[in-house]
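Below is one structure, written out as structure tokens, with a few remarks after it.
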Amino acid sequence: MILLDGKKTAAEIKEEVALEVRDLKNNGYNAPHLAAIIVGNSGASITYVNAKVKACERVGFESTLIRLPEETTEDELLNEIAVLNVDNDIDGFIVQLPLPKHINEQKVIMAVDPDKDVDGFHPTNVGKMALNLPTFISATPYGILELLERYTIETSGKHVVIIGRSHIVGSPMSILLSQKRKVGNATVTMCHSRTKNLKEITLQADIIVAAIGIPEFLKADMVKDHVTIIDVGITRLADSSKKNGFRLVGDVAFDEVSKKADFITPVPGGVGPMTIAMLLKNTLLACKRKNINENHKS
Ligand code: NAD
Numbered sequence: 029m030i031l032l033d034g035k036k037t038a039a040e041i042k043e044e045v046a047l048e049v050r051d052l053k054n055n056g057y058n059a060p061h062l063a064a065i066i067v068g069n070s071g072a073s074i075t076y077v078n079a080k081v082k083a084c085e086r087v088g089f090e091s092t093l094i095r096l097p098e099e100t101t102e103d104e105l106l107n108e109i110a111v112l113n114v115d116n117d118i119d120g121f122i123v124q125l126p127l128p129k130h131i132n133e134q135k136v137i138m139a140v141d142p143d144k145d146v147d148g149f150h151p152t153n154v155g156k157m158a159l160n161l162p163t164f165i166s167a168t169p170y171g172i173l174e175l176l177e178r179y180t181i182e183t184s185g186k187h188v189v190i191i192g193r194s195h196i197v198g199s200p201m202s203i204l205l206s207q208k209r210k211v212g213n214a215t216v217t218m219c220h221s222r223t224k225n226l227k228e229i230t231l232q233a234d235i236i237v238a239a240i241g242i243p244e245f246l247k248a249d250m251v252k253d254h255v256t257i258i259d260v261g262i263t264r265l266a267d268s269s270k271k272n273g274f275r276l277v278g279d280v281a282f283d284e285v286s287k288k289a290d291f292i293t294p295v296p297g298g299v300g301p302m303t304i305a306m307l308l309k310n311t312l313l314a315c316k317r318k319n320i321n322e323n324h325k326s
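If you read the sequence shown in the working numbering, its first letter stands for residue 29, the second for the next number, and so on.
Okay, structure coming up:
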């Protein structure tokens, strides 16, 4: 069994990004600038957003964190977004999800300028992704593609079973892996909460992407030998033996499934770090596109 080490791979990608940032600066350009808006005080969201900001600093990006109180209205948030959309110093920005219940997430996603939508959630970018056109691929599916590529895991002609149909992971993953692309050309089966006989389907899988959010959902008797496992799930389970009071658990029963797998991602240290690295790559892309546009104008 080979561990798909997302931490190590993400560190390599960040080093590559840092080199490009140095090149940009040496050529007289500004460093890429990522802004993040967070509304409210959810512990997990604050942790994620802080990790993103810290990652920006490490690769030489500029970063701006905009913290808004829980009671921020939808209009106030839309105003913040409008300001970032026209701020030429900001190359890309994200609005950390989930948002408080009184704010319409769809409206917020639609308000972001697609050229600055480094999360790749705007319908324009989702549409381009679905058509296999150049765009910002949302960071988690992009990270999974990158992990599969860097570990040279063959996807062409393989049967990939995806469990979970969220807009941010399962659904784009199913589209990308079935496309004619370097990491793609797979036969994809998309499973979800209404799928019948899930075990019969997962037992046929060469590659399984689990994005469900149920700790240790995928057991050893649900997979065949030599399978590749991508565990996207992250659930915080209370654990008094840990300093922070919780441990992170994936959607895969790692100890038993890893005995049958050829390749498997750990949790933590698998898909999670890749997500942040790919957000940086998208921001770098946004910055380079802006520079090209400005050069054309001048
Ligand atoms: P979600 O929480 O929006 O939806 C869960 C999906 O699981 C749904 O599509 C549902 O149909 C499916 N599902 C639920 N019960 C099922 C069952 N019994 N059988 C089959 N399918 C079932 O999905 P999400 O936002 O993609 O999140 C999934 C997990 O991935 C969560 O733990 C989340 O924290 C994690 N996540 C991790 C990263 C990362 O960077 N590693 C990024 C995004 C999400």
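All C-beta atoms in this analysis are idealised placements derived from N, C-alpha and C, irrespective of residue type, glycine included.
These numbers were taken from a predicted model, which means no experiment stands behind them.
Does the distance from the C-beta atom of Val-285 to that of Thr-293 stay below 8 Å?
Counting from 1 along the sequence shown, the entry for residue 285 is found at position 257. Counting from 1 along the sequence shown, the entry for residue 293 is found at position 265. No, the pair does not count as a contact, with Cβ atoms beyond the cut-off.
Return helix, strand or coil for Glu-90, following the three-state DSSP convention.
Counting from one through the sequence shown, the residue named residue 90 turns up at place 62. Correct three-state label for Glu-90: strand.
If distances are taken between C-alpha atoms only, which option among Glu-43, Asn-58 and Ala-38 comes closest to Ala-314?
For the purposes of this step, residue 314 is taken as the residue at position 286 of the sequence shown. Closest option to Ala-314, Cα to Cα, is Asn-58.
Whether or not the stretch 157-167 and the stretch 194-201 are in contact is what I'm after, with contact meaning three or more pairs of Cβ atoms, one per stretch, closer than 8 Å; do they touch?
Contact holds: three or more Cβ-Cβ distances are below 8 Å.
For Asp-328, which of helix, strand or coil comes out of DSSP?
What is shown of the chain runs 29 to 326, which leaves residue 328 out entirely.
Report yes if the C-beta distance between Val-260 and Ala-239 is below 8 Å; otherwise report no.
Here residue 260 is taken as the residue at index 232 of the sequence shown, counted from 1. Here residue 239 is taken as the residue at index 211 of the sequence shown, counted from 1. Going by C-beta atoms, Val-260 is nearer than 8 Å to Ala-239.
Quick check: is any heavy atom of the ligand NAD less than 7 Å from the C-beta of Ile-41?
By 1-based counting over the sequence shown, the position of residue 41 is 13. Not so, every heavy atom of the ligand NAD lies at least 7 Å from the Cβ.
Taking Gly-171 and Ala-305 to be in contact with their CB atoms under 8 Å, please state how far apart those CB atoms are, rounded to whole angstroms.
As a working note, residue 171 is residue 143 in the sequence shown. As a working note, residue 305 is residue 277 in the sequence shown. About 7 Å separates the two Cβ atoms, so the contact holds.
Within its chain, find whatever has a CB closer than 6 Å to the CB of Cys-84; leave out the 5 residues flanking it on each side and keep chain order.
What you label residue 84 is simply residue 56 of the sequence shown in a count that begins at 1. The residues are Leu-62 and Ser-91.
Is Leu-31 helix, strand or coil by DSSP?
The residue given as residue 31 occupies position 3 in the sequence shown. Note: Leu-31 maps to strand in three-state DSSP.
Less than 7 Å separating the Cβ of Ala-59 from some heavy atom of the ligand NAD?
For the purposes of this step, residue 59 is taken as the residue at position 31 of the sequence shown. Not under cutoff, so the answer is no.
Relative to the C-alpha of Pro-301, which candidate in Val-77, Asn-54, Leu-105 and Lys-53 has its C-alpha closest?
As a working mapping, residue 301 is identified with position 273 in the sequence shown. The shortest Cα separation from Pro-301 among Val-77, Asn-54, Leu-105 and Lys-53 belongs to Val-77.
By alpha-carbon positions, which one of Asp-119, Asn-54 and Pro-97 ends up nearest to Gly-68?
Here residue 68 corresponds to residue number 40 of the sequence shown, with the count starting at 1. The residue with the shortest Cα to Cα distance from Gly-68 is Pro-97.
Between which two residues does the beta strand (DSSP E) holding Leu-62 run?
If you number the sequence shown from 1, residue 62 lands on position 34. Its beta strand (DSSP E) spans residues 61-67.
Once the 5 residues before and after His-220 are set aside, which same chain residues still bring their CB inside 8 Å of it?
Numbered from 1 along the sequence shown, position 192 holds the residue referred to as residue 220. If we look at His-220 and ignore the five residues flanking it on each side, its Cβ neighbours are Ile-191, Gly-192, Arg-193 and Gly-198.
Evaluate the contact criterion for the stretch 147-162 versus the stretch 179-186: three or more CB pairs, one atom per stretch, below 8 Å.
No, the stretch 147-162 is not in contact with the stretch 179-186.
Around the Cβ of Met-201, are there at least 16 other Cβ atoms within 10 angstroms (buried) or fewer (exposed)?
Position 173 of the sequence shown, counted from the first residue, corresponds to residue 201. When all chains shown are included, Met-201 counts as buried.
In this structure, what does DSSP give as the bridge partners for Ile-235?
Position 207 of the sequence shown, counted from the first residue, corresponds to residue 235. Answer is Val-188 and Thr-256.
Going by the CB atoms, is the gap between Lys-186 and Asp-234 shorter than 8 Å?
On the sequence shown, position 206 is the one that residue 234 refers to. On the sequence shown, position 158 is the one that residue 186 refers to. Cβ atoms of Asp-234 and Lys-186: closer than 8 Å.
Rounded to whole angstroms, what is the Cα-Cα separation between Glu-228 and Lys-208?
For this step, residue 228 is matched to residue 200 along the sequence shown. For this step, residue 208 is matched to residue 180 along the sequence shown. Each residue's Cα considered, the two are about 27 Å apart.
Take His-150 as the anchor and find which of Lys-135, Pro-162 and Leu-161 has the nearest alpha-carbon.
In the sequence shown, residue 150 corresponds to position 122, counting from 1. Minimum Cα distance to His-150 is reached at Lys-135.
Can you tell which of Ala-79, Leu-47, Ala-72 and Thr-101 has the C-alpha that lies nearest to the C-alpha of Gly-273?
In the sequence shown, the residue the question calls residue 273 occupies position 245. It is Ala-72.
Decide if Ile-258 is buried, meaning its Cβ has at least 16 other Cβ atoms within 10 Å, or exposed.
By one-based count along the sequence shown, residue 258 stands at place 230. Classification of Ile-258: buried, given that the 10 Å Cβ count is 16 or more.
Measure the alpha-carbon distance for Asp-51 versus Val-255 and round it to whole angstroms.
In the sequence shown, counting from the first residue as 1, residue 51 sits at position 23. In the sequence shown, counting from the first residue as 1, residue 255 sits at position 227. If I take the Cα positions, the gap works out to 40 Å.
Taking the alpha-carbon positions, what's the Ile-236 to Ala-38 distance?
Counted from its first residue, the sequence shown places residue 236 at position 208. Counted from its first residue, the sequence shown places residue 38 at position 10. Distance between the alpha carbons of Ile-236 and Ala-38: 21 Å.
Residue range of the alpha helix (DSSP H) that Phe-121 falls in?
Locating residue 121 in the sequence shown gives position 93, where the first residue counts as 1. Careful: Phe-121 lies outside any alpha helix (DSSP H), inside the beta strand (DSSP E) at 120-123.
Can you list, in chain order, the residues of its chain whose CB lies under 7 Å from that of Asn-319, leaving out five sequence neighbours each side?
Within the sequence shown, the letter at position 291 stands for residue 319. Excluding residues within five positions, the ones whose Cβ falls inside 7 Å are Tyr-57.
Would you kindly work out how many angstroms separate the C-alpha atoms of Cys-213 and Ile-203, rounded to a whole number?
Indexing the sequence shown from 1 puts residue 213 at position 185. Indexing the sequence shown from 1 puts residue 203 at position 175. According to the sequence as given, residue 213 is Asn; it is not Cys. Each residue's alpha carbon lies about 10 Å from the other.
How close, in whole Å, do the beta carbons of Val-188 and Val-216 come, if the pair is a contact with beta carbons under 8 Å?
Counting from one through the sequence shown, the residue named residue 188 turns up at place 160. Counting from one through the sequence shown, the residue named residue 216 turns up at place 188. That belief holds up - the Cβ atoms of Val-188 and Val-216 are roughly 5 Å apart, short of 8 Å.
Below 7 Å CB to CB, which residues in the same chain sit around Asn-153 once its five sequence neighbours on both sides are set aside?
Here residue 153 refers to the residue found at position 125 when the sequence shown is read from its first residue. Excluding sequence neighbours, Asn-153 sits near Pro-142, Asp-145, Thr-163 and Phe-164.
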